[in-house]
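Engineer:
There are 2 protein chains.
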Amino acid sequence: MLIKMTVEDFAAEVASSSPAPGGGSVSALAGAQAAALLAMYCNLTFGKEKYARSEALLREILAEAERQRLALLAAVDDDTRAFEKVMAAYKLPKSTPEEKAERQAAIGEAFKEAARVPLAVCRRCVELLALLEKAAGAGNESAITDFGVANLQAFAGLTGAAYNVLINLAAVKDAVFVAECSAELADLRARGAAAYEKTLAYLEQQLKL
Amino acid sequence: MLIKMTVEDFAAEVASSSPAPGGGSVSALAGAQAAALLAMYCNLTFGKEKYARSEALLREILAEAERQRLALLAAVDDDTRAFEKVMAAYKLPKSTPEEKAERQAAIGEAFKEAARVPLAVCRRCVELLALLEKAAGAGNESAITDFGVANLQAFAGLTGAAYNVLINLAAVKDAVFVAECSAELADLRARGAAAYEKTLAYLEQQLKL
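Here it is as structure tokens:
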């Protein structure tokens, strides 16, 4: 499993000439780091008199951020596994018409799965961007840069996963599947960008960027 | 060392209630992942007839990307260490006027270092954004999403590290140091944003985003 590798070995594996792990796994990891930083922002707030009125809200947000952190870490491996299935499908035999048909079907299914995994990452990153928008200003001011980096990583995770949805959808022939995924992706990107921009505006005001 | 932790343990450590590692280390790691993905884009291009004319350019870019990957991984730990020095300085004794003066000086120096480390991360991320702009279109088209995620992570790394420069500069009283760092940071952010936007425009055209 990729998430059992050390941080430096994972980066070396990304850099290597093997086609996986790549941008899909890195984008899922960016989402997981966003969730981790949002959790940290909550954890650094609890028990401080000044923020007592935010405790209930941030307890809820923490629970959700922790759920997203674990799910996005799992997606780091899911993405690479989905990509490996695409490569395996291409290697299926294609000597007879039956084999050719089976291989084409397997390739089509593998690309669908390779689109579904980053689409799920997009959903989770948008969820995180919405949580960040809710949490803005509620937590410990001294962790505001951690909060801000969470916003950056959630948006980069969303956008990077969206690239991976698009490139894999381009290889899928099932027009209904492509239309459904494309519509959902466009909606996710619009909602994610709106939340990201709002939090960015809040941060610029706070940090005098 | 943080980069000797597993990927999942590192994320759990970020999420915890300890104030470090936080957004500074995560931003350095984002830069390292950008460098890794750029290296991957180069490595997946070499030896392919279609891209033979790009080989010399991408060999140079690979060497620089690999240098940046290792330096940015080191910065993951540097950032947390600098933050720990700030916390240690606050804990120095302050019973006598001499102790108070020594403590104030130590705090000032620690904040300077805590600004210098993310400023160096900003420089490296801008370097990567410039390399990405140079490499656009030269490498293996089938790795275009990896290339695109490199652009996203380098920009998120730059911006997140900039937040950390700003928050630490706010605690530094040496006006000359603050002015010099602020001027360099503004220049880096402007150059980084320009390169990022150019690569983004290239990607949008390629991926029909």
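Top line first, the protein sequences correspond to chains S and W.
So for the first sequence, this note's numbering puts the first residue at 1; every next one is plus one.
So for the second sequence, this note's numbering puts the first residue at 1001; every next one is plus one.
Glycine included, every Cβ here is placed at the ideal spot set by N, Cα and C.
Because the structure is a prediction, the values reported are computed rather than measured.
1. Given a cut-off of 8 Å on the beta-carbon distance, is the pair Ala154(S) and Leu132(S) in contact?
2. State the CB to CB distance for the pair Gly1023(W) and Asp146(S), rounded to an integer number of angstroms; the pair is presumed to be in contact (CB under 8 Å).
3. In whole angstroms, give me the CA-to-CA distance for Ala120(S) and Val126(S).
4. Let me know if Lys1112(W) comes out buried or exposed under the rule of 16 or more other beta-carbons within 10 Å of its beta-carbon.
5. By the criterion of Cβ-Cβ separation under 8 Å, what are the contact partners of Gln1153(W) in chain S?
6. How long is the line joining the alpha carbons of Lys134(S) and Ala1030(W), rounded to whole angstroms?
7. At the 8 Å Cβ level, is Tyr163(S) part of the contact set with chain W, yes or no?
8. Leaving aside the five residues before and after Ala1039(W) along the sequence, list all residues of the same chain whose C-beta is less than 7 Å from its C-beta, in chain order.
9. DSSP three-state call for Thr1045(W): helix, strand or coil?
10. Find the nearest neighbour of Ala1114(W) within the set Arg1081(W), Asp1187(W), Ala1032(W) and Leu1200(W), judged by alpha-carbon distance.
11. Is there contact between the stretch 164 to 176 of chain S and the stretch 94 to 112 of chain S, where contact requires at least three CB pairs shorter than 8 Å?
12. Ala1075(W) and Val1014(W) look like a contact to me (Cβ under 8 Å); what is the Cβ gap, rounded to whole Å?
13. Name the chain W residues that come within less than 8 Å of Thr211(S), Cβ to Cβ?
14. Would you tell me roughly how many angstroms separate the C-alpha atoms of Ser1257(W) and Tyr163(S), rounded to the nearest one?
15. Where do the ends of the alpha helix (DSSP H) carrying Glu64(S) lie?
16. Could you name the residues of chain S that Glu1197(W) contacts, counting a contact when the two beta carbons are closer than 8 Å?
17. Answer with buried or exposed for Gln1033(W), where buried requires no fewer than 16 other C-beta atoms within 10 angstroms of its C-beta.
18. Going by Cα to Cα distance, which pick from Ala1190(W), Asp1079(W) and Asp1009(W) is closest to Leu1129(W)?
19. Beta-carbon separation of Ser1027(W) and Asn43(S) under 8 Å?
20. Using a Cβ-Cβ distance cut-off of 8 Å, determine whether Met40(S) contacts chain W.
21. When burial is assigned at 16 or more other CB atoms within 10 Å of the CB, is Pro21(S) buried or exposed?
22. Can you tell me which of the three DSSP states Thr96(S) falls into?
23. Count the other CB atoms, across all protein chains shown, that sit within 10 Å of the CB of Tyr1041(W); report buried if there are 16 or more and exposed otherwise.
24. With distances taken from CA atoms, which of Ser1182(W), Glu1060(W) and Leu1152(W) is nearest Val1165(W)?
25. Could you round the C-beta distance between Glu99(S) and Pro93(S) to whole angstroms and report it? I think they count as a contact, below 8 Å.
26. Does Val1178(W) come within less than 8 Å of chain S when only Cβ atoms are used?
27. Assign Tyr1047(W) to one of two classes, buried (16 or more other C-beta atoms within 10 Å of its C-beta) or exposed (fewer than that).
28. Give the range of the alpha helix (DSSP H) segment to which Asn140(S) is assigned.
29. Below 8 Å between beta carbons is the criterion; list the residues of the stretch 1082 to 1107 of chain W that meet it against any residue of chain S, in chain order.
30. Taking 8 Å as the threshold (C-beta atoms), are Asn151(S) and Leu203(S) in contact?
Structural biologist: In this structure, then:
1. yes
2. 4 Å
3. 10 Å
4. buried
5. Val26, Ala30, Ala156 and Gly160
6. 25 Å
7. yes
8. Leu1062, Ala1065, Glu1066 and Arg1069
9. coil
10. Arg1081(W)
11. yes
12. Incorrect: roughly 15 Å between the Cβ atoms, too far for contact.
13. Lying outside 1 to 209, the shown extent of chain S, residue 211(S) is not represented and no answer is given.
14. This structure gives no information on residue 1257(W), because the portion of chain W shown stretches from 1001 to 1209.
15. Glu55 to Tyr90
16. Correct list: empty, because the minimum Cβ distance to chain S is about 13 Å.
17. buried
18. Ala1190(W)
19. no
20. yes
21. buried
22. coil
23. buried
24. Ser1182(W)
25. 5 Å
26. no
27. Here residue 1047(W) turns out to be Gly, not Tyr, going by the sequence shown. Under this definition Gly1047(W) is an exposed residue.
28. Element bounds for Asn140(S): n/a, residue is neither H nor E.
29. none
30. yes
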